[in-house]
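Okay, structure first, notes after.
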Amino acid sequence: MVDKSWSNTGTTGFRIRTNDSPEEREAERARAREERARARVDTMAERLEARARAREEQAAERERIRQERRDAEAKLALSDPHKAAAQRRRGSGRKDIVREQRDTSNYAMIVDAGRIRMLAARGASVASLAAVFSLTEDQIAEALREAPEDHG
11 MVDKSWSNTG
21 TTGFRIRTND
31 SPEEREAERA
41 RAREERARAR
51 VDTMAERLEA
61 RARAREEQAA
71 ERERIRQERR
81 DAEAKLALSD
91 PHKAAAQRRR
101 GSGRKDIVRE
111 QRDTSNYAMI
121 VDAGRIRMLA
131 ARGASVASLA
141 AVFSLTEDQI
151 AEALREAPED
161 HG
């Protein structure tokens, strides 16, 4: 047979004998309860502050990494725009498209009566053709009246 006291660690519920009155013992227990509650509140506050500090540090670290990545991407975009476009993350999965701003100030519009007739046949109005080709509506109407030239 094994004695039940062998598995116990320490004596639970053992009261130290004192000459204090029951009221004094009750007051002592109340003080001990308040101390334990205060200690719990203090440790909880410390834990919350530590978590807040850790969150702020992690957010600052993430922002620093983001900024470094943005700087690296900007530097790469300046040195090699095609490679930067290929590495850019897109939701569509599209890669390596670089939009170049072209100087179109010296471009010349090719005004061809056949082209005007073809666009009119596709449904372009006389007013829109005049606006696009920078011609008057009378000139567009004249081009549409001309007979197409046979190339054969």
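What the sequence shown shows, in our numbering, is residues 11 to 162, in sequence order. Glycine included, each C-beta is placed from N, C-alpha and C at the ideal position.
_For A123 and A96, believed in contact at Cβ under 8 Å, the rounded distance_ = Here A96 is actually not in contact with A123; their C-beta atoms are around 44 Å apart, not less than 8 Å.
_Can you look up A153 in the DSSP assignment and give me helix, strand or coil?_
Correct three-state label for A153: helix.
*If you drop the 5 nearest sequence neighbours on each side, which residues of the same chain put their C-beta closer than 7 Å to that of A140?*
The beta carbon of A140 sits closer than 7 Å to those of T146, E147 and I150, all from its chain and outside the five residues before and after it, given in chain order.
_In chain order, each beta strand (DSSP E) run of at least 3 residues that lies wholly inside the region 39 to 114_ = Fully enclosed beta strand (DSSP E) runs of 3 or longer: not present.
*asked:* Please report the distance separating the alpha-carbon of A87 from that of R100.
replied: Distance between the alpha carbons of A87 and R100: 16 Å.
*asked:* So for P158, helix, strand or coil by DSSP?
replied: coil
*Use the C-beta contact count for I75: other C-beta atoms within 10 angstroms, 16 or more gives buried, fewer gives exposed.*
exposed
*Alpha carbon to alpha carbon, how far is E156 from R80?*
E156 and R80 have their C-alpha atoms some 59 Å from each other.
*Could you tell me which of E67, E36, A60 and F143 sits nearest to Y117, measuring between CA atoms?*
F143
*Sorted by chain position, which residues of the same chain lie with C-beta nearer than 6 Å to A49's C-beta, five sequence neighbours on each side aside?*
none
*Look at the alpha carbon of Q68 and the alpha carbon of R112, and state the distance between them as a whole number of angstroms.*
Distance between Q68 and R112, taken at the CA atoms: about 43 Å.
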